[in-house]
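What follows is a set of notes on a single structure, which appears directly below.
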Amino acid sequence: MNAPAEFARAVCPHDCPDTCAMRVTVENGRAIKVSGDPEHPPTQGVLCTKVTRYAERVHHPKRLTQPMKRVGRKGEGRFEPINWDEANRIAAERLGEIAQRAPEAILPYSYAGTMGLVQGDSIAQRFFHKLGASRLDRAICAAAGAAGLRYTFGSSLGMLTEYFAESEVILIWGANPIASNLHFWTRAQEAKRNGAKLIAIDPYRSLTAEKCHQHIALKPGTDGALALGMMHVLITEDRLDHDYIAAHTHGFDALKARALTYTPARVAGICGIEEHVVVDLAHLYASTRKAAIRMNYGLQRVRGGGNAVRAIACLPALTGAWRERAGGVLLSSSGWAPVDTNALQRPDLIPGWPQHQPRIINMNQIGDALTHAGDAAFGPKVEAIVVYNSNPVAVAPESAKVAAGFAREDLFTIVLEQFQTDTADYADLLLPATTQLEHLDVHKSYGHTHVMANLPAIAPVGEARPNTEIFRSIARAMGLTEPALFESDEDVAAHAFDWSDSALGGADWAALKREGWLKLNIPEAPFANGGFRTPTGKCEFHSEALAKDGLDPLPDYLPPHESADGAPELAARYPLAMISPPARNFLNSTFVNVESLRATEGEPHVDLHPADAARREITDGDEVRVFNDRGSMRARARVTDRVRKGLVVGLSIWWKKLAPDGRNANEVTSQALTDLGGSATFYDCLVEVERA
Ligand SMILES: Nc1nc2c(c(=O)[nH]1)N[C@H]1C(S)=C(S)[C@@H](COP(=O)(O)OP(=O)(O)OC[C@H]3O[C@@H](n4cnc5c(=O)[nH]c(N)nc54)[C@H](O)[C@@H]3O)O[C@H]1N2
Ligand SMILES: Nc1nc2c(c(=O)[nH]1)N[C@H]1C(S)=C(S)[C@@H](COP(=O)(O)OP(=O)(O)OC[C@H]3O[C@@H](n4cnc5c(=O)[nH]c(N)nc54)[C@H](O)[C@@H]3O)O[C@H]1N2
Ligand code: SF4
Ligand SMILES: [Mo]
296 MNAPAEFARA
306 VCPHDCPDTC
316 AMRVTVENGR
326 AIKVSGDPEH
336 PPTQGVLCTK
346 VTRYAERVHH
356 PKRLTQPMKR
366 VGRKGEGRFE
376 PINWDEANRI
386 AAERLGEIAQ
396 RAPEAILPYS
406 YAGTMGLVQG
416 DSIAQRFFHK
426 LGASRLDRAI
436 CAAAGAAGLR
446 YTFGSSLGML
456 TEYFAESEVI
466 LIWGANPIAS
476 NLHFWTRAQE
486 AKRNGAKLIA
496 IDPYRSLTAE
506 KCHQHIALKP
516 GTDGALALGM
526 MHVLITEDRL
536 DHDYIAAHTH
546 GFDALKARAL
556 TYTPARVAGI
566 CGIEEHVVVD
576 LAHLYASTRK
586 AAIRMNYGLQ
596 RVRGGGNAVR
606 AIACLPALTG
616 AWRERAGGVL
626 LSSSGWAPVD
636 TNALQRPDLI
646 PGWPQHQPRI
656 INMNQIGDAL
666 THAGDAAFGP
676 KVEAIVVYNS
686 NPVAVAPESA
696 KVAAGFARED
706 LFTIVLEQFQ
716 TDTADYADLL
726 LPATTQLEHL
736 DVHKSYGHTH
746 VMANLPAIAP
756 VGEARPNTEI
766 FRSIARAMGL
776 TEPALFESDE
786 DVAAHAFDWS
796 DSALGGADWA
806 ALKREGWLKL
816 NIPEAPFANG
826 GFRTPTGKCE
836 FHSEALAKDG
846 LDPLPDYLPP
856 HESADGAPEL
866 AARYPLAMIS
876 PPARNFLNST
886 FVNVESLRAT
896 EGEPHVDLHP
906 ADAARREITD
916 GDEVRVFNDR
926 GSMRARARVT
936 DRVRKGLVVG
946 LSIWWKKLAP
956 DGRNANEVTS
966 QALTDLGGSA
976 TFYDCLVEVE
986 RA
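Right, here's the structure in full:
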């Protein structure tokens, strides 16, 4: 291979557990190629198909390259270019006026368009804190699982990914790594080649489930019951590690009493699987020393999601699987990195902090929030929303309400974007943001244990600016003088971690920048000798903290909000459970506008079981309408036994305007929240389907 003209090091910024290291080949100021860094151990030289095309996205002809202001109706997407001074003046005037009168009427809305700690929530948060704006509960994805882990382990901690390669059995639980965690799948295949048994627990025969030895297709939202049923077997047959339980867990007797109510027969009924499946799974799990569980977020997007994660997280402490580095459980590793959130986000800038605490709006209820007139309980009506790193009109639940909110003529909307998304169409001011190749950032990962530095490889495309610079310039135009608002990206990055933490081994920002990445110092078998970060220092089967919060201190099964168990009347009208997990070639709604990737996904589909299709006289390839009381969408039916009976799967997340009917799966999803953490319940959704 010829030596590249020049290559720069970058980090994949997307919301994906793999956080790959990238090499960027630059020619004449343009990125011409992006590839996986072969020297970075988690990346192993491989990027997913989506990001291999990153250069195509960076230099896409439809990149936003100039600030623009709206000239058409809200949502119409008609804009005219303006210069940055004009953009900053408009933003400063409107936000400044609202901030003086009713600061909480300003709402920032952001998620993980970039996972970078600098372009994510540093200067942006400081800016909104300084104004005293409403705060956003960023709970659209992982909050239920994070809460489940926090109450059980004390933080988002788990097995180290590399050691899954040595596991003898791997439960791939609510996860579809071939699509969404590719580098974990590589490890699982290594284990498979060494003789490991892979078991997928997923209502859908996903790309991953079809490659596992066994697929347990339970009803969505019933995972907590399955885990409790496994515990029942472990306890009644005494397949427990009593020493581990005595030394490193808290509340075993209480958990035992709870688990004994979940007989395999009862669990089989709840989950819609056979009784022996529960028993066999427990036997296999308990009789394997190196038994590993890879949970992922798919299982916690239902009412009982937090409890389900908590129940599953208890399993390795019962059997002592934590004693092996290839045993235990992983949902997220993000808690290992010593991020200094206070230094990044500076909550102390909030006027009157900490006595005054601006209201918090849950991002999953943005539809309700934007359509609320304001009252004593809610506080002031939202008058301005500033969206960055997110595309709520496509990704937030109950989309009709979200769109109605954004369509309000009296709402002042700023959108910072790389592309003219569904949300951008509603902007009053649309501001062009840089991509990862054009700005500086620093990253942790939720799927491995390296921290990483991203240095700009090319100059900003057009007049695009980093999020940080956009907020700095609006702050300047408002006449704000707080020095924290004007820190450079370098300085912010340098304070992103608590460098004195032993996990960083004495390194600093300069070292991280020079090396590109650093592996955190974490024991190979992190909980072999306990060391949980809970108040008791143990794995908390029973949690005083939950009891104090007025919640069930023990893990339990909670039926989905929308299910025959949870809402029989609703289930009579809408008998099908719909889930809308990610399509392989999209990343949430990112990449839907990259033609080559959209072409691979084709068009919006829904997968239906043959029996459900027959009853509705639907045949493969028919155009169908999926609907409930919240809304409807059209899609092409695929009649397939990949789905269990009673389930509908619509792989997502389509840009609404690139779908034939201008709608996507979030027309039917609900704003209801999970048991713990206030997460979204995208996969807790009853619908009916008919031929269109
Ligand atoms: N290609 C691609 N990769 C991605 C993303 C993407 O959009 N595309 N998104 C990224 C983001 S933000 C996230 S959060 C992750 C998401 O990726 P994952 O964490 O893997 O979660 P999901 O893909 O939502 O769901 C995984 C599997 O869980 C199944 N599932 C649904 N409901 C249930 C249930 O109740 N119980 C069980 N056991 N399984 C259930 C789904 O059918 C799916 O196959 O992936 C990241 N990576
Ligand atoms: N029906 C259904 N809905 C879902 C899900 C599902 O499985 N089914 N999954 C949910 C989950 S898990 C998640 S995490 C959310 C994800 O929802 P979002 O976090 O909104 O993710 P994306 O749709 O990828 O939108 C991110 C946007 O950020 C922009 N962006 C990227 N980098 C930058 C930057 O540096 N600056 C600025 N200003 N913009 C940038 C991208 O262009 C993109 O449009 O969606 C949720 N919605
Ligand atoms: S999306 Fe995930 S797998 Fe793909 S390059 Fe980025 S971090 Fe790696
Ligand atoms: Mo997510």
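Quick note, our numbering runs 295 ahead of the 1-based positions in the sequence shown. Don't be surprised by glycine CBs; every beta carbon is placed ideally from N, CA and C.
Contacting residues, own chain, Cβ-Cβ under 7 Å from residue i (five flanking each side not counted)
| i | result |
| --- | --- |
| A520 | Y557, V562, I565, C566, Y852 |
| E985 | R911, V919, R920 |
| Y721 | K369, G370, V688, F701, A702, T708 |
| K696 | G662, D663, T666 |
| A581 | L529, R534, T614 |
| G630 | S450, S451, L452 |
| R937 | Y499, R500, D902 |
CB contact flag (residue i, residue j, <9 Å)
| i | j | result |
| --- | --- | --- |
| A394 | L426 | yes |
| F459 | A316 | no |
| L502 | A474 | yes |
| A759 | L412 | no |
| I496 | A612 | no |
| A840 | P830 | yes |
| T718 | N762 | no |
| V597 | D924 | no |
When the options are compared against residue i, the one with the closest alpha-carbon
| i | options | result |
| --- | --- | --- |
| Q361 | Y349, A407, A728 | A728 |
| A960 | L711, A689, H537, Y683 | A689 |
| G546 | F836, K492, S685 | F836 |
| E896 | P633, W617, F886 | F886 |
| N684 | A504, L342, G861, D416 | D416 |
| A791 | M410, H856, R352, G324 | M410 |
| E570 | H578, P559, A577 | P559 |
| N657 | Q414, A434, P333, N637 | A434 |
| F374 | R365, E381, A382 | R365 |
| P376 | H335, L725, R596 | L725 |
Residue i - partner residues in DSSP beta bridges
| i | result |
| --- | --- |
| L431 | I656 |
| K814 | H745 |
| E322 | R325 |
| V401 | One point to set straight first is that residue 401 is Ile, not Val, in the sequence displayed. Beta-bridge pairing links I401 to A679. |
| A820 | Per DSSP, none; premise fails for A820. |
| K364 | E375, L724 |
| E712 | P727 |
| W468 | I496, M590 |
| A930 | V919 |
| L882 | T885 |
| C834 | T544 |
Status (buried if at least 16 other CB within 10 Å, exposed otherwise) for residue i
| i | result |
| --- | --- |
| P498 | buried |
| S875 | buried |
| H508 | exposed |
| A975 | buried |
| P692 | buried |
| G647 | exposed |
| G990 | Residue coverage of the chain in this structure runs from 296 to 987, which leaves residue 990 outside it and unanswerable. |
| A542 | exposed |
| P515 | buried |
| R442 | The amino acid at residue 442 is misidentified as Arg; the sequence shows Ala. By the neighbour-count rule (16 or more Cβ atoms within 10 Å), A442 is buried. |
| L555 | exposed |
| Q731 | buried |
| L971 | buried |
| G800 | exposed |
| K345 | buried |
Other residues of its chain near residue i: CB distance less than 6 Å, five sequence neighbours each side excluded
| i | result |
| --- | --- |
| N824 | none |
| R430 | P653, I655 |
| V681 | P403, I709 |
| A954 | P899 |
| A779 | R421, R641 |
| V746 | A632, K739, L813 |
| A616 | A586, G622, G623 |
Min CB distance residue i to chain D below 9 Å
| i | result |
| --- | --- |
| S795 | Of the chains in the structure shown, none is chain D; there is only one protein chain. |
Nonlocal neighbours in the same chain, by C-beta distance under 8 Å from residue i, ignoring five residues either side
| i | result |
| --- | --- |
| A397 | P675, E678 |
| L865 | E857, L981 |
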